[in-house]
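To start, the structure under review is shown below, and the notes come after it.
In the working numbering, the protein residues as written are 24 to 106.
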(Lines of atoms letter the chains of each structure in order from A; the text may use other names.)
(Lines give C-alpha, C1' and ligand atoms only; values in the text may rest on other atoms or scores of the structure.)
Protein backbone atom coordinates (compact mmCIF):
# COMPACT_ATOMS: atom_id res chain seq x y z
CA UNK A 24 0.00 0.00 0.00
CA UNK A 25 1.43 3.34 -1.05
CA UNK A 26 1.69 6.52 0.96
CA UNK A 27 -1.35 8.14 -0.69
CA UNK A 28 -3.45 5.02 -0.24
CA UNK A 29 -2.63 4.99 3.46
CA UNK A 30 -3.25 8.75 3.78
CA UNK A 31 -6.62 8.36 2.07
CA UNK A 32 -7.57 5.48 4.38
CA UNK A 33 -6.66 7.51 7.49
CA UNK A 34 -8.60 10.55 6.22
CA UNK A 35 -11.63 8.37 5.48
CA UNK A 36 -11.54 6.86 8.99
CA UNK A 37 -11.26 10.30 10.58
CA UNK A 38 -14.17 11.54 8.48
CA UNK A 39 -16.32 8.60 9.51
CA UNK A 40 -15.51 9.15 13.19
CA UNK A 41 -16.35 12.85 12.98
CA UNK A 42 -19.61 12.14 11.15
CA UNK A 43 -20.62 9.62 13.83
CA UNK A 44 -19.86 12.11 16.61
CA UNK A 45 -21.92 14.81 14.88
CA UNK A 46 -24.83 12.43 14.49
CA UNK A 47 -24.65 11.39 18.16
CA UNK A 48 -24.59 15.03 19.26
CA UNK A 49 -27.54 15.88 17.00
CA UNK A 50 -29.53 12.99 18.45
CA UNK A 51 -28.74 14.11 22.01
CA UNK A 52 -29.86 17.67 21.24
CA UNK A 53 -33.06 16.41 19.61
CA UNK A 54 -33.89 14.26 22.67
CA UNK A 55 -33.25 17.12 25.12
CA UNK A 56 -35.32 19.51 23.02
CA UNK A 57 -38.28 17.11 22.89
CA UNK A 58 -38.13 16.63 26.66
CA UNK A 59 -37.80 20.35 27.41
CA UNK A 60 -40.62 21.41 25.08
CA UNK A 61 -43.02 19.60 27.44
CA UNK A 62 -41.76 21.54 30.47
CA UNK A 63 -43.43 24.59 31.96
CA UNK A 64 -41.87 28.04 31.77
CA UNK A 65 -40.87 27.85 35.44
CA UNK A 66 -39.13 24.52 34.93
CA UNK A 67 -37.23 25.90 31.95
CA UNK A 68 -36.21 28.97 33.95
CA UNK A 69 -34.83 26.66 36.64
CA UNK A 70 -32.77 24.86 33.98
CA UNK A 71 -31.43 28.14 32.57
CA UNK A 72 -30.42 29.41 36.01
CA UNK A 73 -29.07 26.13 37.42
CA UNK A 74 -25.52 26.31 38.76
CA UNK A 75 -23.05 24.26 40.69
CA UNK A 76 -22.05 20.63 40.53
CA UNK A 77 -25.58 19.38 39.93
CA UNK A 78 -26.44 22.18 37.47
CA UNK A 79 -27.42 21.49 33.90
CA UNK A 80 -24.89 21.47 31.05
CA UNK A 81 -24.37 24.48 28.80
CA UNK A 82 -26.09 22.54 26.03
CA UNK A 83 -29.19 21.98 28.17
CA UNK A 84 -29.23 25.61 29.29
CA UNK A 85 -28.98 26.82 25.69
CA UNK A 86 -31.87 24.60 24.58
CA UNK A 87 -34.05 25.76 27.49
CA UNK A 88 -33.15 29.39 26.74
CA UNK A 89 -34.08 28.92 23.08
CA UNK A 90 -37.44 27.40 23.95
CA UNK A 91 -38.22 30.27 26.32
CA UNK A 92 -37.36 32.78 23.58
CA UNK A 93 -39.60 30.88 21.17
CA UNK A 94 -42.41 31.15 23.74
CA UNK A 95 -42.10 34.93 23.72
CA UNK A 96 -39.68 35.68 26.55
CA UNK A 97 -37.11 38.37 25.84
CA UNK A 98 -33.49 37.91 26.99
CA UNK A 99 -33.75 40.50 29.79
CA UNK A 100 -36.87 38.82 31.16
CA UNK A 101 -35.15 35.43 31.15
CA UNK A 102 -32.12 36.88 32.89
CA UNK A 103 -34.15 38.62 35.58
CA UNK A 104 -36.65 35.84 36.34
CA UNK A 105 -35.43 33.06 38.52
CA UNK A 106 -37.98 30.32 39.14
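Positions of the beta carbon are idealized from the N, C-alpha and C atoms, including for glycine. Just so we're clear, the structure is a prediction, and the values are computed from it rather than from any experiment.
query: Just how far apart, CA to CA, sit residue 97 and residue 73?
result: Computed Cα separation, rounded: 19 Å.
- prompt: From residue 34 to residue 41, what does the alpha carbon distance come to, in whole angstroms?
  reply: Rounded to whole angstroms, residue 34 to residue 41 spans 11 Å at the Cα level.
- prompt: Does the region 52-59 come within contact of the region 69-87, defined as at least 3 CB pairs closer than 8 Å?
  reply: Counting C-beta pairs closer than 8 Å gives three or more between the region 52-59 and the region 69-87, which meets the contact rule.
- prompt: Smallest Cα separation from residue 67: which of 29, 25 and 101?
  reply: Ranking 29, 25 and 101 by Cα distance to residue 67 puts 101 first.
task: Taking residue 65 and residue 94 to be in contact with their CB atoms under 8 Å, please state how far apart those CB atoms are, rounded to whole angstroms.
output: About 12 Å; that fails the 8 Å criterion.
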